[in-house]
Amino acid sequence: MELAWYALLGLFFAGYLVLGGYDYGVGLLLARGADAPRRRAALNAIGPFFLGNEVWLVAAVGILFGAFPVLEGELLAGSYPAVAAALAGVILVTAGVQLRSRPGGRSARTAWERVIVVGSLLAALGWGVVLAGLLQGVPLRADGHVAGVTHLFTPFAAATGLAVLALVVAHGATFLTLRLPTVESDRLRPLAHRLLLTATVAVGAAAVVALFSDRVRTAAQRPAAGVLLAMLLVAALLAARVALGRRRPGVAFAATATALALPVLLVGVTLWPYVLVSTVEPSASLTVTDAAASGPTLRLLGWLAVPLLPALLGFQAMCLWIFRGRTDGRAPVYW
Amino acid sequence: MDTLLLARLQFATTASIHFLFVAVTLGLVTLLVGMQTAWVLTGNHRWERLTRFWGQLYVINYVLGIATGIVMEFQFGLNWSGLSRYAGNVFGAPLAIETLVAFFLESTFLGMWIFGWHRLRRGAHLALLYGVAITAYASAFWIMVANSWLQNPVGYEVRDGVAHLTDFAALLTNPALWMALGHVVSAALLTGGLLMAAVSAWHLNRRTTDHALFRTSLRIGLVTAALAITLVQGFGFAQFGPVGGVQPTKFGGNPEADALIADWTARFGPGDYLPPTLSNVGLGFMILIGFALGLLWLLVPLLWRDWIIRLRFPLWLIMLTLPLPFVALILGWIAREVGRHPWVAYGLLPVDQAVSPISPWLMATSLIGFTLLLGTLAVTNWTLLARHAARGAADPALGRPPAQPPADDPRPEPAFA
Numbered sequence: 001m002e003l004a005w006y007a008l009l010g011l012f013f014a015g016y017l018v019l020g021g022y023d024y025g026v027g028l029l030l031a032r033g034a035d036a037p038r039r040r041a042a043l044n045a046i047g048p049f050f051l052g053n054e055v056w057l058v059a060a061v062g063i064l065f066g067a068f069p070v071l072e073g074e075l076l077a078g079s080y081p082a083v084a085a086a087l088a089g090v091i092l093v094t095a096g097v098q099l100r101s102r103p104g105g106r107s108a109r110t111a112w113e114r115v116i117v118v119g120s121l122l123a124a125l126g127w128g129v130v131l132a133g134l135l136q137g138v139p140l141r142a143d144g145h146v147a148g149v150t151h152l153f154t155p156f157a158a159a160t161g162l163a164v165l166a167l168v169v170a171h172g173a174t175f176l177t178l179r180l181p182t183v184e185s186d187r188l189r190p191l192a193h194r195l196l197l198t199a200t201v202a203v204g205a206a207a208v209v210a211l212f213s214d215r216v217r218t219a220a221q222r223p224a225a226g227v228l229l230a231m232l233l234v235a236a237l238l239a240a241r242v243a244l245g246r247r248r249p250g251v252a253f254a255a256t257a258t259a260l261a262l263p264v265l266l267v268g269v270t271l272w273p274y275v276l277v278s279t280v281e282p283s284a285s286l287t288v289t290d291a292a293a294s295g296p297t298l299r300l301l302g303w304l305a306v307p308l309l310p311a312l313l314g315f316q317a318m319c320l321w322i323f324r325g326r327t328d329g330r331a332p333v334y335w
Numbered sequence: 001m002d003t004l005l006l007a008r009l010q011f012a013t014t015a016s017i018h019f020l021f022v023a024v025t026l027g028l029v030t031l032l033v034g035m036q037t038a039w040v041l042t043g044n045h046r047w048e049r050l051t052r053f054w055g056q057l058y059v060i061n062y063v064l065g066i067a068t069g070i071v072m073e074f075q076f077g078l079n080w081s082g083l084s085r086y087a088g089n090v091f092g093a094p095l096a097i098e099t100l101v102a103f104f105l106e107s108t109f110l111g112m113w114i115f116g117w118h119r120l121r122r123g124a125h126l127a128l129l130y131g132v133a134i135t136a137y138a139s140a141f142w143i144m145v146a147n148s149w150l151q152n153p154v155g156y157e158v159r160d161g162v163a164h165l166t167d168f169a170a171l172l173t174n175p176a177l178w179m180a181l182g183h184v185v186s187a188a189l190l191t192g193g194l195l196m197a198a199v200s201a202w203h204l205n206r207r208t209t210d211h212a213l214f215r216t217s218l219r220i221g222l223v224t225a226a227l228a229i230t231l232v233q234g235f236g237f238a239q240f241g242p243v244g245g246v247q248p249t250k251f252g253g254n255p256e257a258d259a260l261i262a263d264w265t266a267r268f269g270p271g272d273y274l275p276p277t278l279s280n281v282g283l284g285f286m287i288l289i290g291f292a293l294g295l296l297w298l299l300v301p302l303l304w305r306d307w308i309i310r311l312r313f314p315l316w317l318i319m320l321t322l323p324l325p326f327v328a329l330i331l332g333w334i335a336r337e338v339g340r341h342p343w344v345a346y347g348l349l350p351v352d353q354a355v356s357p358i359s360p361w362l363m364a365t366s367l368i369g370f371t372l373l374l375g376t377l378a379v380t381n382w383t384l385l386a387r388h389a390a391r392g393a394a395d396p397a398l399g400r401p402p403a404q405p406p407a408d409d410p411r412p413e414p415a416f417a
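Those sequence lines, one after another, are chains A and B. Under the UniProt record's numbering, think of the first position of the first sequence as 1, with each following residue one higher. Under the UniProt record's numbering, think of the first position of the second sequence as 1, with each following residue one higher.
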């Protein structure tokens, strides 16, 4: 039961990184100096999906609170600066995207675009550092609380933050090659190609830093699985690059989406059966079972999730289906 | 500096901003459902224009509702990790249900509704708005279930120092729940209705174009607000019984409260177990505003033969009353939330045991940072709302046909989207 909920938590957070990831990637690409119509076209390429993307985060935190209350408190409070930065980023992007085109003036719209860029940057870096913080262990004391927040400031956390940032930008560019009209997509392809290379290098660098980090080596319960998944991540990025070269943006997007989801799986599998590994007091480490809510709560939520989950995923799929394909001038322009 | 005080201030600030926006969201979406239904049933172009105009204001307002809602959701973990640890088994369940059942679907539907104009069949497009409205109400319901549990913890037992869920049905029959839910929902209708009436009154007073359109929305808004204020008053006074029963200390000292305080002093140690006067002062002013808004009924007969428009001063009155429901909302929540001080979960978990053990400097940075961020966004959002309200219904961006260039933009931006 705990495992099922842990998997569901992973599914929703990974789903958020995949879907929110291209929002932030597109957001960051607003800074690349395209003209105003192209910037607006990029925002409307996310258009109908935007509101449905970010709520995966809300759902993930809901599951975290409902099914893993102890983890929720310690993870969020214990990674306070990273979570707060990511949260500020999420807020800036959500407001920026939705309000950007409401004022008519050019300067106001440019200002909102800067808000989106800064927000996307914060969100990508913040979630990267949160994932790194899990993987390198936290100073969890015997009383069950994480001591301080300085444990986050390590080279590995910085490298992971940058790697997630590079992943998100490459993912966003790949999304645009899939979604914009063919002419625009052709213009963007070289850029996406370069960004995928950057992302591969950044992920490789983070992996190397991890191998040299004592804390990561100690915290990893299944290092072999971790290394394997990291290699899979690099392979996904290379596959995306090849697919893009062969003008298969759909395949490329599937590959970058896999690359965005894999870090969550990597953290979950590498630390299993723990979710918070203590760096100061090995016996204080928190297992998934200990972190989970008690039986009656999980059963109640389980009864609810069985009918609900297909509905949630179904309506999201419906949104993707209705607005599938390249943007073609048939949907209204709103963002 | 005191981490606890800073954490409480941060929650109060975020929650206050949140309520100002979600009340409008909940109120307007109800009225929008009516307008779009009328459009689909009658095919009358006027209802489409009303839906687009008020829909655009609704969508702009929605932005800050989500933004502050997400911040609140995270704050439970960031600032109140003791609450998650101690009460997460019980309190977490309704919150998890809210995010999955309501928030998740509401946003998914809304995204499709915004971009579905001219692309979906009318019936399907209308169904999406019904989805948005139903999930918005579901959201309010589950949040009130969670909040009522904090007001009056039920359906749990404490084992190994942690609360465990024993009876979920008790959460749904909580005496602190139903009257409060009715009160909050009708307050949202009042706010939405009055906003609609006030914006329409502004246009009618200025004699802008679209007289007929704003005449219609003035009538809808005023009648909604008048009906809602009666419900607000009814549910409000109906709460005194159940709330006073489960929270004897809320409304000041009485024999029951004294007995409870003696019990708490024995179990939790000596302390000040009466809420600050702020909560009851807030309550008093809220009731005053409630009575004042009851006078909206006096304006309803003036709808006959449009006297309300012809006399002019009723339009001014409606515009001037617009801030009142917002003030009352904040005061009402202060009465409910500050009134359970010093408890996070009444009689179960004191605030000082719930706050996260983090440094006051970090908490202060977070408080200042998020308050500035959300405060600035709130003011910007209201400015945009006011501008779009003033611009009128000539050509809202929401629901504009894809081929039509925007009227207010000499150099329309995208050629494709």
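Cβ atoms here follow ideal geometry from the backbone N, Cα and C, with glycine treated the same way.
Straight-line gap, residue i to residue j (C-alpha atoms, nearest Å)
i, j, result
"V184 of chain B", "V29 of chain B", "15 angstroms"
"T94 of chain A", "D328 of chain A", "24 angstroms"
"W343 of chain B", "M179 of chain B", "21 angstroms"
"T182 of chain A", "G204 of chain A", "32 angstroms"
"V164 of chain A", "G172 of chain A", "12 angstroms"
"A36 of chain A", "I46 of chain A", "16 angstroms"
"T230 of chain B", "D258 of chain B", "34 angstroms"
"A415 of chain B", "F50 of chain A", "Residue placement at A415 of chain B is poorly supported in this model, since its pLDDT is 46, which falls under 50; the coordinates still yield a value, given next. Cα-Cα distance, rounded: 20 angstroms."
"T277 of chain B", "I289 of chain B", "19 angstroms"
"A225 of chain B", "P94 of chain B", "30 angstroms"
"N152 of chain B", "T68 of chain B", "25 angstroms"
"D272 of chain B", "G144 of chain A", "29 angstroms"
"P223 of chain A", "L271 of chain A", "9 angstroms"
Whether residue i touches residue j by CB criterion (8 angstroms)
i, j, result
"A188 of chain B", "G27 of chain B", "yes"
"W56 of chain A", "L19 of chain A", "yes"
"Y58 of chain B", "L32 of chain B", "yes"
"V169 of chain A", "L276 of chain A", "no"
"R38 of chain A", "S101 of chain A", "no"
"A219 of chain A", "L122 of chain A", "no"
"L222 of chain B", "T321 of chain B", "no"
"L17 of chain A", "W127 of chain A", "yes"
"L165 of chain B", "Y156 of chain B", "yes"
"A236 of chain A", "L262 of chain A", "yes"
"A331 of chain A", "P48 of chain A", "yes"
Own chain, CB closer than 7 angstroms to residue i, minus 5 neighbours either side, in chain order
i, result
"F214 of chain B", "S200, H203 and L204"
"P69 of chain A", "A293"
"L171 of chain B", "P94, V145, W149, V154 and G155"
"A311 of chain A", "none"
"C319 of chain A", "P48, F49 and G52"
"D167 of chain B", "G155"
Cβ-based neighbour list, residue i, same chain, cut-off 8 angstroms, excluding 5 preceding and 5 following
i, result
"V280 of chain A", "P139, L140, R141 and A147"
"M72 of chain B", "F11, T14, A15 and H18"
"G161 of chain B", "Y86"
Status (buried if at least 16 other CB within 10 Å, exposed otherwise) for residue i
i, result
"I368 of chain B", "exposed"
"V132 of chain B", "buried"
"L3 of chain A", "exposed"
"F291 of chain B", "exposed"
"Q404 of chain B", "exposed"
"V90 of chain A", "buried"
"E106 of chain B", "buried"
"D214 of chain A", "exposed"
Cβ shell of residue i (< 6 angstroms), same chain only, five flanking positions each side left out
i, result
"S81 of chain B", "S356"
"G332 of chain B", "M286"
"A199 of chain A", "A166, L167, A170 and L237"
Any non-hydrogen atom of the ligand ZN within 7 angstroms of residue i CB
i, result
"R100 of chain A", "Within the structure as shown, the ligand ZN is missing, as the structure has no ligands at all."
CB contact check: residue i to chain E, cutoff 8 angstroms
i, result
"V58 of chain A", "Annotation note: the requested chain E is absent from the structure, which comprises protein chains A and B."
query: Got a sec: which bits of the segment 91–109 of chain A sit with their beta carbon under 8 angstroms from any beta carbon on chain B, in order along the chain?
result: I91, L92, T94, A95, Q98, L99, S101, R102, P103 and G104
**Prompt:** Going along the chain, which residues of the segment 53–68 of chain B sit with their C-beta nearer than 9 angstroms to a C-beta in chain A?
**Reply:** Q56, V59, I60, Y62, V63, L64, I66, A67 and T68
Chain A contacts made by the segment 96–116 of chain B, where a contact means CB separation under 9 angstroms:
A96, I97, E98, T99, L100, V101, F103, F104, L105, E106, S107, T108, F109, L110, G111, M112, I114, F115 and G116
(message) Short of 7 angstroms Cβ to Cβ, which residues in the segment 143–177 of chain A face chain B?
(response) H145 and V149
### Task
May I ask you to list, following chain order, the residues of the segment 283–299 of chain A that have a beta carbon less than 8 angstroms from some beta carbon of chain B?
A293, S294, P296 and T297
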